[in-house]
Amino acid sequence: MEFLSPKNLNEALKFKSEHPDFTVLAGGTDACTLINSGILKSKGLINIYGIKEIAEIKENGDFLEIGALATLTQIIENRLVSKFLPVLAMACKTIGARQIQNRGTIGGNVMNASPAGDALPVFLAYETKMELLSAKGSRLVLFEKFYAGYRKTAAEADELAAKFIIKKCDDKERFAFMKVGTRRAQSISKVCACFRQSSSYKIAYGSVAPTPIRCYVTEKFLNGCKTDAFAADEAVRLVRQEVSPMDDIRSTANYRRHVAGVLLKRFLESV
Amino acid sequence: MKSVGKNIPRLDGYDKVTGKVKYVDDIDIPDCWRGEVVRSDIPYGRIKKINFDKAFDWDKVMTCTYKDIPGKNATIFLSDDQPILAENLVKHVGEAIVLIAAPSASKALEAKKHITIEYDTLDSVLSIEDSRKRKNVIFGKDNIQAKYKIEKGDVKKGFAEADFIVEGEYRTGFHEHAYIETQGMAAIPRPDGGLTVTGSLQCPYYVLKTLKSALLLDETKINVVQAPMGGAFGGKEDYPSLLGMYVALLSIKSGKPVKIIYSRDEDIVVTTKRHPSIVTHKTGVKKDGTITAMEIDVAFEGGAYSTLSPVVLSRGVIHSAGAYKCENTFCTANCYATNNVPTGAFRGFGAPQVFYALEMHIDKVAERIGMSPHEFRLKNCVEVGDRLSTTQLLKESVGAKECLEKVLSAADFGKKWRNNLDTCAFKHLRTKKGIGLSLYMHGGAFTGSGEGMKSEAGLRLNKDGTISVLTGCTDMGQGSHTVLPQIAAESLGVPAALVNTAVPDTAVVPDSGPTVASRTTMIIGSILVRCAEKMKKKLPDLKKRDVKELLKTYYSEHGELKIIERYILPPEIKWDQEKHCGDAYPVYSWAADVAEVSVDAETFEVSVDKLTVAVDVGRAVNPVLVEGQMEGGTLQALGWALMEDCIYKNGKPVNNRFQTYIIPTAKDAPEWKTIIVEKPFSYGPFGAKGIGELPLDGGAPAIANAIYNATGLRITSLPITPEKLYSLYEEKNKIK
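Protein chains in written order, with numbering that gives the first Met the number 0: chain A, 0 to 270; chain B, 0 to 735.
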């Protein structure tokens with residue numbers, strides 16, 4: 000297997016355009032296990048881990064820009080994130096063990112495109128824009144348009160994720176990241192969710208559909224009524240219809256649908 | 000006492016925590032080839048053809064099939080039905096067919112890709128139910144690998160006397176050992192033309208037995224050495240005999256040292272598991288709490304080959320009626336063959352399955368007559384003078400009741416249990432608290448007169464004035480190679496620092512029997528006490544001067560001093576194997592667990608908050624190690640109870656990685672409290688009994704009963720997942 004280690008971003012983009020079928024290592028915490036277990040059969044690897052140009056976390060006016068190669072630990076410990084987007088740090092804290100957080104990157108979590116990726120509902124709920132780069136140039140895509148189907152993304156074969164652009168959360172907004180996993184640490188989600196209430200409700204889930212999803216019907220209902228206990232019950236009923244989970248190795252569709260509702264109810268009770 | 004009863008740090012501890020210790024994968028063997036195994040990927044079928052791709056250069060690698068085995072193509076256990084390499088039939092996924100060795104691991108892997116096997120598939124049997132109704136006959140005449148019946152009194156009469164009859168069925172699935180070090184072995188040619196086989200193994204003499212029979216060599220030509228082990232839990236009792244043969248065959252044919260180290264995926268697919276079980280109970284009980292009759296049926300899944308299943312089933316059925324007074328018991332047991340991986344030894348050896356069933360069922364029986372679980376157990380718990388289901392009279396060392404009393408009071412069980420029961424129905428509580436109890440025991444050493452096999456162990460005075468324990472029993476992490484020197488030092492009257500344990504090498508140490516059945520401390524320890532008495536008589540008075548100098552001087556004057564003794568079975572043991580009647584074990588260790596849980600009332604996630612365990616070990620030779628055994632074993636039981644689940648599809652585990660086979664982390668571990676009770680056993684060293692397996696027997700039912708106390712949901716199959724709890728909750732609420 001060929002292993003390419005570009006020295007900088009330009010070289011990485013060049014390699015990716017020359018070898019669009021190579022797997023990108025952005026930490027390797029997902030890719031290495033998939034290769035080891037024979038699930039991912041790759042002709043070659045391009046190791047972009049450590050390329051500084053796309054690893055920064057910075058403020059840009061009303062927005063926070065998070066480089067795709069920022070590690071989960073970097074996000075957990077970053078002051079800007081804890082000030083302007085603390086819920087992302089909360090989600091990252093639940094991914095794997097400390098070693099995985101040290102090595103794994105946010106871009107890797109996104110590009111791996113697992114429906115159970117814990118950071119993904121956060122990006123959905125915060126209407127994130129994502130910058131994709133190739134040797135030809137850059138383009139912005141809306142995160143909610145990024146997942147085309149199970150483990151399918153809108154990225155072209157020669158593109159790399161560069162950064163995530165997210166509007167800072169406002170002072171008054173309420174938010175939560177919630178996760179039900181297979182055990183109390185180092186667990187993969189059975190259901191995970193990011194909820195927001197600011198000027199309107201935003202509801203996003205992971206692990207309850209082939210891709211991470213926003214629940215627009217439930218959001219619309221909540222945005223159009225006064226939230227009391229009756230409205231909460233109706234929202235829970237709606238959200239259980241809106242998710243489309245399945246039975247798999249970690250859980251059952253029936254349980255996931257139930258828990259999706261429980262988590263929303265808990266958020267609504269807390270706001 | 001200067002050594003026994005003291006918390007002497009583990010002798011292997013320093014090397015292990017500093018990373019100095021060399022496991023078999025770390026041992027650097029010059030010019031060592033790496034082995035790979037080509038395996039069946041179907042559960043049952045005839046091998047039509049093995050294709051060696053002509054495009055591949057086979058001169059650079061070495062391959063072996065069953066045709067390369069000069070002697071008997073079988074692992075030597077109770078019945079020799081398991082081939083080392085498949086001949087024309089494969090009976091489970093992962094069965095070995097062709098062995099490959101190459102100068103590098105990558106070359107061996109590459110060669111593996113160039114071998115394909117063609118089969119005629121046969122109709123496979125993949126569950127206890129299908130095997131029981133003989134969907135296809137795959138073993139003997141009736142798929143039954145072993146069967147027993149134990150009878151005491153008259154159950155018909157017992158049921159006639161009962162006010163209530165309570166029935167129940169309980170199920171458990173495959174359970175993976177999940178030792179941190181995967182299986183691995185190496186074979187190294189010796190300068191004298193012989194062969195050394197070393198690796199991660201529990202029973203060097205078991206491996207030697209199979210090697211001798213398959214290779215037609217005697218012990219002057221082969222020795223087996225245990226390398227330091229990163230856990231085994233029974234998983235390295237029988238399996239290393241297969242893996243040892245793979246490396247030995249490849250090494251003999253290639254003339255090179257050969258090593259095979261399993262990856263986690265391979266290990267989970269091909270090595271043994273705990274037997275899945277279906278246990279049914281029918282219990283007669285009077286209103287006052289007297290148990291009048293117990294009828295129990297135990298069904299285990301033995302997998303494709305019988306390996307150790309007959310003895311696992313025997314231990315299971317003997318323990319199935321537990322530590323209760325009952326005049327009339329009738330227990331039947333069958334082990335069914337399937338085309339799943341052979342099930343084998345796993346800490347507890349058949350007992351965890353029957354205690355999960357029994358201890359959940361006892362709660363159900365108590366509830367039926369309106370008694371609390373602890374009052375019911377206190378009333379029926381056996382004491383000295385009572386007889387177990389095999390009619391064994393309990394003469395001494397019965398700490399069951401004391402364990403029960405101590406654990407109940409330490410956990411404040413009665414009050415909490417009642418309180419939880421009252422709050423169970425409260426709809427507004429997001430977290431429900433529960434408390435659960437189990438009472439259990441574990442027979443020490445081999446069943447019946449099994450310890451009459453004359454195990455040997457010894458003591459050797461070394462040149463440097465130290466003394467070595469010589470035993471074929473191994474330390475797999477349980478701490479025996481610290482405990483045995485403590486026993487020897489105490490008996491000799493020398494400081495514990497002067498005694499160590501020799502590396503288990505069949506060329507050096509005697510056959511002490513296998514490292515199994517919670518027998519090492521009790522059996523080998525008692526042989527060592529006798530060796531020490533003999534040795535003391537030969538040595539000058541050890542009380543007076545610098546002992547080490549004295550021993551050095553003795554050595555320089557007299558040369559090496561070695562005392563080897565044999566185990567003597569306590570004379571009064573009477574056992575009828577045919578009827579499974581009499582003294583099933585020389586003695587039992589007893590214990591009681593209290594589990595306290597919090598259950599999320601909406602997501603049904605279970606958190607075990609505290610486990611209080613009281614255990615009668617006769618004598619705690621090293622109390623901290625006793626606590627370690629209790630905590631580790633109970634945590635393993637917690638994993639089995641709540642999350643560990645081998646999911647098989649067409650004979651193959653789907654979740655053969657730690658990403659998907661979920662074991663508990665430190666965060667899932669509860670707060671622990673261990674209470675040690677000491678009711679000495681007169682034939683044990685300083686009164687000591689076995690402890691290794693006991694803790695796995697009681698954790699699961701205590702947790703299951705606690706969940707019932709919290710939620711009113713009784714899940715009768717392991718693991719108790721939130722999914723199962725929610726389903727049952729939904730079902731119950733629909734009916735209403």
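Yeah, the Cβ is synthetic: ideal placement off N, Cα and C, and Gly gets one too.
Residue of the options minimising C-alpha distance to residue i
i, options, result
"residue 407 of chain B", "B:566, B:342, B:373 and B:426", "B:373"
"residue 47 of chain A", "A:170, A:61, A:267 and A:8", "A:8"
"residue 592 of chain B", "B:4, B:308 and B:401", "B:401"
"residue 183 of chain A", "A:58, A:69, A:247 and A:95", "A:95"
"residue 166 of chain B", "B:112, B:276, B:548 and B:356", "B:356"
"residue 98 of chain B", "B:626, B:599, B:247 and B:519", "B:247"
"residue 198 of chain A", "A:124, A:156, A:242 and A:233", "A:124"
"residue 758 of chain B", "B:663, B:365 and B:81", "Lying before the first or after the last residue shown, residue 758 of chain B is absent from chain B, which here runs from 0 to 735."
"residue 144 of chain B", "B:332, B:277, B:189 and B:62", "B:332"
"residue 362 of chain B", "B:313, B:717 and B:712", "B:712"
"residue 251 of chain B", "B:215, B:54 and B:445", "B:215"
"residue 155 of chain A", "A:130, A:10 and A:178", "A:130"
"residue 146 of chain B", "B:96, B:574, B:220 and B:300", "B:300"
"residue 473 of chain B", "B:731, B:515 and B:492", "B:515"
6 Å CB neighbourhood of residue i in its chain, flanking five on each side removed
i, result
"residue 695 of chain B", "346, 347, 351, 632, 635 and 636"
"residue 385 of chain B", "324 and 393"
"residue 59 of chain A", "none"
"residue 266 of chain A", "175 and 194"
"residue 148 of chain B", "331"
Per DSSP, cross-strand counterpart(s) of residue i
i, result
"residue 32 of chain B", "B:257"
"residue 386 of chain B", "B:392"
"residue 565 of chain B", "B:455"
"residue 590 of chain B", "B:439 and B:614"
"residue 488 of chain B", "Its beta-bridge partners do not exist; DSSP assigns none."
"residue 145 of chain B", "B:334"
"residue 647 of chain B", "B:652"
"residue 225 of chain B", "B:198"
"residue 196 of chain A", "A:173 and A:200"
Proximity test, residue i beta-carbon vs the ligand SAM heavy atom, cut-off 7 Å
i, result
"residue 450 of chain B", "This structure does not include the ligand SAM; it has no bound ligands of any sort."
Cβ shell of residue i (< 7 Å), same chain only, five flanking positions each side left out
i, result
"residue 537 of chain B", "560"
"residue 457 of chain B", "469, 509, 530, 561, 562, 563 and 564"
"residue 443 of chain B", "517, 518, 521, 584, 585, 586, 587, 588, 688 and 689"
"residue 277 of chain B", "127, 168, 170 and 298"
Residue burial classification, residue i (beta-carbon count within 10 angstroms, cutoff 16)
i, result
"residue 68 of chain B", "buried"
"residue 595 of chain B", "buried"
"residue 87 of chain B", "exposed"
"residue 125 of chain B", "buried"
"residue 6 of chain A", "exposed"
"residue 151 of chain A", "exposed"
"residue 653 of chain B", "exposed"
"residue 184 of chain B", "buried"
"residue 708 of chain B", "buried"
"residue 570 of chain B", "exposed"
"residue 75 of chain A", "buried"
"residue 47 of chain B", "exposed"
"residue 51 of chain B", "exposed"
"residue 36 of chain B", "buried"
Neighbourhood of residue i by C-beta, 8 Å cutoff - its chain only, sequence neighbours within 5 removed
i, result
"residue 136 of chain B", "142"
"residue 478 of chain B", "9, 621, 624, 627 and 628"
| query | Any chance the segment 316-330 of chain B sits against the segment 249-266 of chain B, with 3 or more Cβ pairs inside 8 Å? | reply | The segment 316-330 of chain B and the segment 249-266 of chain B do not touch, with fewer than 3 CB-CB distances between them shorter than 8 Å.
| message | Does the segment 123-138 of chain B come into contact with the segment 330-338 of chain B, if we say contact requires no fewer than three beta-carbon pairs (one atom in each stretch) closer than 8 Å? | response | yes
| Touch test, the segment 597-611 of chain B against the segment 580-589 of chain B, Cβ-Cβ under 8 Å, three pairs minimum | Flag = no, the segment 597-611 of chain B and the segment 580-589 of chain B do not touch.
| field | At least three beta-carbon pairs within less than 8 Å, the segment 281-291 of chain B to the segment 148-166 of chain B | value | Yes: the two stretches touch, three or more of their Cβ pairs being nearer than 8 Å.
| field | Touching by the beta-carbon criterion (3+ pairs, under 8 Å), the segment 695-704 of chain B and the segment 435-445 of chain B | value | Taking a contact to require three or more Cβ pairs closer than 8 Å, the segment 695-704 of chain B and the segment 435-445 of chain B qualify as touching.
| field | the segment 61-78 of chain A contacting the segment 14-22 of chain A, beta-carbon criterion three pairs below 8 Å | value | no
| Within the chosen definition, does the segment 24-43 of chain B reach the segment 81-96 of chain B through at least 3 CB pairs nearer than 8 Å? | yes
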